[in-house]
Ligand code: ADP
Ligand code: MG
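In the working numbering, the protein residues as written are -4 to 582.
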């Protein structure tokens, strides 16, 4: 009796499904790709129960004939590949004939299609890979696929699903990426009866269309910070919309990468992006819709079961093209700013010295913030200012304000220089945390609620946090699919409309799942972000206010740093100052 057995078809299909279908969003991605491959100009998507209840995709593409319906559900059944070599020159999204087979294996599937010229449309119904019924259907152009009760027969897989909100966010991101890459196709997305998107097919030129889509998908505040970038080298082109360096975000949430309009997750592309920003990143992240166009033979997306990752034949060239293009374009867009600080305005800027891409190399370390009061070329000799002077026990006398930003005090035998905004943030941060931990956040209702436009996937996150945010003093409501309202906020903070939408954007990017994080950590994050976005006291500070601020600062737990870790003050001793004048001794 041989020990090796051939697995039954039912088991084989579930194994295949496990590789291709990781979560509801993978089903949706495959179905949308099939519709695009079928030449659809309109794709309508309906989701119930975060995709576990139902994923329905309707398109107006070329449809399938009756005899093809059953074939389409079989393994390795594809109309897109004839000989193996075709894999290297494909212009379609699908080619392996595994998607429908896999979806069918783990759901109750209904496939309805009509092909022009046929006598009627047809519907196939089945579940877990078995066809149960075949019926005639009305001759409606295109194809409708409904996958219901996903993972009904693979309970172990069902357990791996994240919260409904998390799965919904993935589903929405899938549609967002398809819509960014297929501008001539209209997309409509309805989740549990509510319309999330209705994006018309766009007739204009590439850039006009891309900007239109991006505005709808990123939401106003992120979109407003994007710049158009494009560049070419032999054999490849890169283009897209990228955050201006002054409009970076707290996380990678709004990054979309495409190779020949195929959404991909690629470490190479991400690292090239970060290298392109180089020193302009200050620990923050760009949003992007990055499109790379290559010869179809120059990359392979067959290495990944969900076709998410790609392998490139010339990684170094791609890395350099992307990073150089971004770097040069961002600089040229900043010329006004650059001309002010560069000693030789008008000089050609050479691209950064980009090292060859190495597998697994970390993105470049973000440069520290390096604002200088003195401008380049005028750096004073290095002094030895003390970052942690013992200033609390000493008398302070206020000298005045510098550049509406720094407060100068005579303290003991030297000069204490205080960054007034950093100091205000520290004070506000600790007051708020104190109120919060006592369960006594003073809340101020807003006469006119503030509105924030958010990408739909971020809106989902904000809603998850709504109850917790209320305990933090923020009353947030939803108005429409992508609009959040702030009705009340902690009395300590004051937000503008723009600051509120950035605050929510940060929040949804940074916080993750409400249950997952420790309470202390959540409080710290919210306090840090709120302090950063809240408007600080006016720039001009009167002497009494300056002294009161120092009094408040004295009582904080860490008077040397703002909540983000920047210094609030430094001290120059009399000796240091005297040395600058080549004197000996103290003042
Ligand atoms: P692949 O896309 O890799 O070919 P799939 O399993 O996704 O494999 O689909 C199998 C076949 O079914 C496709 O090659 C195509 O001929 C047909 N098909 C699937 N979806 C559609 C659709 N929406 N419209 C027309 N034909 C479709
Ligand atoms: Mg397919």
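Note that the Cβ used here is the ideal one computed from N, Cα and C, for glycine as well.
- Here the stretch 275 to 282 makes contact with the stretch 241 to 257; the two share three or more CB pairs at distances below 8 Å.
- Within the stretch 185 to 265, the runs of beta strand (DSSP E) that reach at least 3 residues and sit entirely inside it are, in chain order, 189 to 194, 221 to 228, 231 to 238, 250 to 254, 257 to 259.
- Closest in C-alpha terms to residue 73, from the list 87, 65, 63, 92, comes 92.
- Cβ-Cβ distances below 7 Å link residue 149 to 9, 101 in the same chain, with the five nearest sequence neighbours on each side left out; the list follows chain order.
- Rounded to the nearest angstrom, the gap between the Cα atoms of residue 513 and residue 243 is 27 Å.
- DSSP places residue 568 in no alpha helix (DSSP H) but in the uninterrupted beta strand (DSSP E) bounded by 564 to 568.
- Remark: the shortest separation between the CB of residue 255 and any heavy atom of the ligand MG does not fall under 7 Å.
- The continuous stretches of alpha helix (DSSP H) do not include residue 105, which lies in the beta strand (DSSP E) extending over residues 103 to 109.
- If you keep only unbroken alpha helix (DSSP H) runs of at least 4 residues inside the stretch 484 to 536, you get 492 to 505, 514 to 528.
- Sorted by chain position, residues whose beta-carbon lies closer than 6 Å to a non-hydrogen atom of the ligand MG are 25, 28, 29, 89, 94.
- For residue 96, there is no enclosing beta strand (DSSP E); the residue is part of the alpha helix (DSSP H) that begins and ends at 94 to 100.
- Residue 537 and residue 392 have their C-alpha atoms roughly 13 Å apart.
- For residue 4, the number of other beta carbons within 10 angstroms of its own is below 16, and it is reported as exposed.
- The DSSP-derived three-state label of residue 399 is coil.
- Around the beta carbon of residue 395, fewer than 16 other beta carbons sit within 10 angstroms, so the residue counts as exposed.
- Taking the C-beta atoms as reference points, residue 208 is found no nearer than 8 Å to residue 232.
- In the three-state reduction of the DSSP assignment, residue 482 falls in the strand class, which pools E and B.
- Cβ-Cβ distances below 6 Å link residue 120 to 105, 127, 128 in the same chain, with the five nearest sequence neighbours on each side left out; the list follows chain order.
- Between residue 562 and residue 389, the alpha-carbon positions lie close to 19 Å from each other.
- In chain order, 54, 56, 57, 58, 137, 138 place their CB closer than 8 Å to the CB of residue 33, counting only its own chain and leaving out the 5 sequence neighbours on each side.
- By the 16-neighbour rule on beta-carbons within 10 angstroms, residue 165 is buried.
- If the five residues before and after residue 225 are omitted, its C-beta is found closer than 6 Å to the C-beta atoms of 234, all from its own chain and listed in chain order.
- Of all alpha-carbon atoms in 272, 291, 237, 269, the one lying nearest the alpha-carbon of residue 257 is that of 291.
- Within the same chain, 146 come within 6 Å of residue 153 by CB-CB distance, once the 5 residues on both sides are set aside.
- Straight across, the Cα-Cα distance linking residue 463 with residue 487 is about 18 Å.
- With respect to the C-alpha of residue 448, the residue from 246, 132, 457 having the closest C-alpha is 457.
- Bounds of the alpha helix (DSSP H) holding residue 461 are 461 to 466.
- Between residue 567 and residue 409 a beta carbon distance of about 5 Å is seen, short of the 8 Å cut, so the two are scored as contacting.
- Per DSSP, residue 285 lies in no alpha helix (DSSP H); the unbroken beta strand (DSSP E) holding it starts and ends at 283 to 289.
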